[in-house]
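Notes follow the structure.
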């Protein structure tokens, strides 16, 4: 763990570490289910590779006022970079409620080089940062040709493992996969769509992500993936997303939940105030993380063909209005503290 005394930003570290560059996408002309080459490069952050592309950047200033429910802060999550966002490290600040800088410490999460845990010795603080978010586009026909991959880098393989709220090793998920997926017959992208549609059809979501009232949120509504399938009543939209992620992992497809804030609803219409939201991503070998909006897909993909493009899966025009705060439910104070969210649009720079 490192110590920062009244530091104004979380420094970008490990600049000298080599990062694998993805090979250019090539349309597969062999049998579709031939395994991918071992050790295929995967862009874990930065620009994805075709058939995924990012576009239409939007820059936001984010301020989150935080009051932990306990006297001791658990800290704050920090996501520096993914395929779809870049946080300006020089903009990151922690202050008190009158904007005086507060000291903090931080540590990088194991196997996740762009994720951090920020420790703050205060029971009342503000987080400030500037972030660029991108919309996403996916060539579905090309994605459907990418074969199964059995070997991932350590930081991608992490998202195949069971984790909090995502106990993908439970028998219920393996049973679903056995019923739905034959890897000799379909490729992982088609399998992912089949799994997501099944999960949305077989869970009963109330559409809510968090407790929100009068511009204040008091935490996410979440019980977990298994609960989404077994509850005898409506579950939260977080639980529904967990069901998708856990089943994808059980099928051998790396997948992860993204927990963040947005200014739009699932259909892209503006909200009265920023709100918590949870969406998903799954790994497409050699290309990057495919984003999907489970709430947007619910009820809209029941009769669509698996080979057709789905709006909100891969191609997501309003993804540039979603700012991730955490990955994989490593939330700390964001889990259930009292928070006021501010998400101010700053500019939309030209694409270079």
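In our numbering, the protein residues as written are 447 to 798.
A virtual CB, placed ideally from N, CA and C, is assigned to each residue, including glycine.
Taking buried to mean at least 16 other C-beta atoms within 10 Å of its own C-beta, is residue 753 buried or exposed? Of the residues assessed, residue 753 falls on the exposed side of the cut-off, its CB having fewer than 16 other CB atoms within 10 angstroms.
Would you kindly work out how many angstroms separate the C-alpha atoms of residue 698 and residue 602, rounded to a whole number? 12 Å
Three-state secondary structure (DSSP) at residue 620? helix
Meets three-Cβ-pair contact criterion under 8 Å: the stretch 655 to 672 and the stretch 747 to 761: no
Measuring CB to CB, does residue 770 end up less than 8 Å from residue 531? yes
So who's on the other strand from residue 760, going by DSSP bridges? 756
Secondary structure, alpha helix (DSSP H): runs of 4+ residues fully inside the stretch 656 to 701: 671 to 676 and 683 to 696
Let's see if you can read the secondary structure: which residues bound the beta strand (DSSP E) around residue 643? Counting along the chain, residue 643 falls outside any beta strand (DSSP E), though it belongs to the alpha helix (DSSP H) covering 634 to 647.
Unbroken beta strand (DSSP E) run spanning residue 513, endpoints: 498 to 513
Any chance the stretch 530 to 545 sits against the stretch 606 to 626, with 3 or more Cβ pairs inside 8 Å? no
Using 8 Å for Cβ pairs, my map puts residue 777 next to residue 705. What's the rounded Cβ distance? Contact annotation, residue 777 with residue 705: C-beta distance approximately 6 Å; criterion of less than 8 Å satisfied.
Residue nearest to residue 620 in terms of C-alpha spacing, selected from 774, 712, 496 and 696: 696
On a CA-only basis, which of 502, 553 and 641 is nearest residue 744? Give me that one, please. 641
Quick one: grab the DSSP three-state call for residue 615. coil
What residues in its chain sit with their C-beta under 7 Å from that of residue 476, if we drop five residues either side in the sequence? Only weak support exists for where residue 476 lies, its pLDDT of 33 falling under 50; the coordinates are left without a value.
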